[in-house]
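In this note's numbering, the protein residues as written are 1 to 411. Using N, Cα and C, we set each Cβ at its ideal position, and we do this for glycine too.
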Amino acid sequence: MSYILPGIPVIPVLEVTGRMMAFLSVILVTRILSVEDYGRYSYVLSIVLLVSVVMDGGINSLAFNNSLRNQLDELPSLFTTKNFFSLIAAVLFFAIIGVFKPDYFFLVMLATGSIFFTGSVAFVKMIARGQTEIRTDSLAIVAEPLFRIIVLGIIWIGGIVVGLEMLLLTLLLVSFLAFIVLYGLAKSRYPLDIGFSSIQVKKVFTSSRWYLMYYFALVGIKRSEVVLLNGMLDTTSVAYYSAAFNIYLSLQLFFTAFVSSKLKLAVTSQWHDARRSVLQVAVYAIAVVLFVVLFAKVIFGVIYPVEYAHSHLFLQYLVLGLPFYIMTEAGVYLLNYMHKTRQNAFVLATAMCVKVIMLLVVHPASITQFIFCYVFFETALGVIYLALILRNAKRFFGTGNMKAVYENTAG
């Protein structure tokens with residue numbers, strides 16, 4: 001594995017670089033759109049991101065686990081099923097939006113198209129991540145964000161006036177271009193031929209159903225408050241919250257990549273070596289939290305328009321939940337690898353239901369109250385997964401235990 005700094009693999013740094021580019025794209029969007037249109041943009045993305053979980057079908061997570069075990073024979077059927085299921089889910093979603101939110105139909109259709117191609121790029125990325133194949137993984141991380149910056153930069157610098165509809169159409173074309181570039185590279189390395197077979201589709205659905213349930217719940221936990229926030233407060237408030245959450249999301253992505261990129265190394269390590277990695281993550285997380293709390297106001301002053309300046313307080317509150325988010329992510333990966341995805345699905349689905357009910361009952365009257373609920377819930381879920389990690393850790397780490405996992409898989 002390649003490292004940029006001691007203890008920090010290349011991929012997490014590239015992930016945060018890609019996220020910084022994506023974040024710069026968001027900043028450009030705030031410059032291009034009005035605050036009201038950016039609020040609508042955030043709302044549309046929140047809905048589409050939830051639906052993207054159904055479009056994924058849990059197949060990306062299944063592909064990652066298979067790639068970790070060097071089981072690549074099923075990649076064509078996984079890739080075919082993912083695309084087939086994505087199209088079916090998208091059509092059903094369009095029908096629902098057409099009935100209940102007709103004003104958003106065209107916006108949602110464009111955003112869903114972008115998510116379709118982005119999801120296919122993510123599929124290839126997770127295969128490369130499981131194989132620790134840095135070149136393909138790196139391109140999958142940076143291609144689309146880089147293309148977005150170039151296009152949005154041209155629009156902003158050129159003073160081109162575009163509405164929300166035209167902007168979403170532009171982003172759809174960018175996602176398609178990134179997919180074409182990456183697919184051309186990945187197809188020469190991995191078996192990604194598309195060939196429909198009802199038997200294979202059924203087999204994939206049977207294998208991925210618990211991945212779908214756990215991943216849907218995980219994304220629901222992350223994004224449900226934005227959907228509820230839109231129903232309780234105005235779109236301007238949604239925009240202010242999204243401005244803070246986008247920075248927090250970048251931090252989440254860095255540590256998610258950190259955990260996932262070290263997973264293959266972890267399963268071949270003894271427990272005392274694994275603890276060293278855990279301590280590294282803990283130190284980095286605490287340092288990041290302290291930095292953001294101290295300098296959030298400066299960060300917002302540099303990157304956001306003046307209208308968003310007071311949102312730095314929201315970021316200071318959100319980042320307090322980061323260490324517990326890391327615990328949750330590590331626990332999810334650990335249980336998946338140990339063939340306990342059903343347990344993940346149960347824990348996360350229960351947590352999502354409790355969170356939604358809590359928000360509906362409490363009915364926060366301000367963004368700050370929403371964030372307090374979010375951080376409280378992030379903390380509680382992280383503590384639960386910390387307990388699960390400690391319970392399973394010594395059974396998980398070490399070559400002998402990995403051999404047992406392979407034998408269970410073969411059985």
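Status (buried if at least 16 other CB within 10 Å, exposed otherwise) for residue 407: Any answer about residue 407 is weak, because its pLDDT of 39 lies below 50 and its placement is not dependable; what the coordinates show is given next. Under this definition residue 407 is an exposed residue.
Collapsed DSSP secondary structure at residue 67 in the structure displayed: helix
Neighbour flag for residue 126 against chain B, beta carbons, 8 Å: Here chain B cannot be found, since the structure has a single protein chain.
Inter-stretch contact at 8 Å, needing at least 3 Cβ pairs: the region 96-111 / the region 231-249: Too few Cβ pairs lie closer than 8 Å, so no.
Per-residue burial, residue 328 [other beta carbons within 10 Å of its own, 16 or more giving buried]: buried
Complete runs of the alpha helix (DSSP H) confined to the region 68-115 [at least 4 residues]: 75-100
Within 8 Å, strictly: CB atoms of residue 15 and residue 285: no
Where the alpha helix (DSSP H) through residue 132 begins and ends: Note, residue 132: premise wrong, no alpha helix (DSSP H); not H, not E.
Backbone CA spacing between residue 310 and residue 192 [nearest angstrom]: Cα-Cα distance, rounded: 47 Å.
Burial state of residue 97 (16 or more Cβ within 10 Å): buried
Where residue 339 sits in the DSSP three-state scheme: coil
Supposed contact pair residue 123 and residue 60 - C-beta distance, whole angstroms, cut 8 Å: 5 Å
Simplified DSSP assignment, three categories, for residue 33: Looking at residue 33 - three-state DSSP - the assignment turns out to be coil, as it is neither helix nor strand.
Local Cβ density within 10 Å of residue 39, reported as buried at 16 or more and exposed below that: Looking at its Cβ environment, which holds 16 or more other Cβ atoms inside 10 Å, residue 39 is buried.
Validate contact between the region 365-382 and the region 304-322 using beta carbons, cut 8 Å, 3 pairs: yes
Cβ shell of residue 331 (< 6 Å), same chain only, five flanking positions each side left out: 385, 388 and 389
Touching by the beta-carbon criterion (3+ pairs, under 8 Å), the region 335-346 and the region 210-223: yes
Local Cβ density within 10 Å of residue 73, reported as buried at 16 or more and exposed below that: exposed
For residue 111 and residue 46, the rounded distance between their alpha carbons: 10 Å
Secondary structure of residue 40, DSSP reduced to three states: helix
8 Å CB neighbourhood of residue 12 in its chain, flanking five on each side removed: 254, 255, 257, 258 and 261
Whole-number beta carbon distance between residue 250 and residue 23, since they are thought to touch under 8 Å: Yes, residue 23 and residue 250 are in contact; Cβ-Cβ is about 6 Å, under 8 Å.
Any alpha helix (DSSP H) of 4 or more consecutive residues that is wholly inside the region 318-380: 322-337 and 341-362
Simplified DSSP state of residue 51, which is helix, strand or coil: Here DSSP, grouped into helix, strand and coil, assigns residue 51 to helix.
Contact check, residue 167 vs residue 78, beta carbons under 8 Å: no
Which listed residue (58, 125 and 36) has its alpha carbon closest to that of residue 204: The shortest C-alpha to C-alpha distance from residue 204 to any of 58, 125 and 36 is the one to 58.
As assigned by DSSP and simplified to three states, the class of residue 160: In the structure shown, residue 160 sits in coil (DSSP, three-state: anything other than H, G, I, E or B).
Inter-residue spacing [alpha-carbon to alpha-carbon] between residue 283 and residue 276: 11 Å
Outcome for residue 402 when other beta-carbon atoms lying within 10 angstroms are tallied against a minimum of 16: Any reading at residue 402 must be qualified, since the residue scores a pLDDT of 41, below 50, and its modelled position is unreliable; the value itself is stated next. The residue in question, residue 402, is buried, as its Cβ has 16 or more Cβ neighbours within 10 Å.
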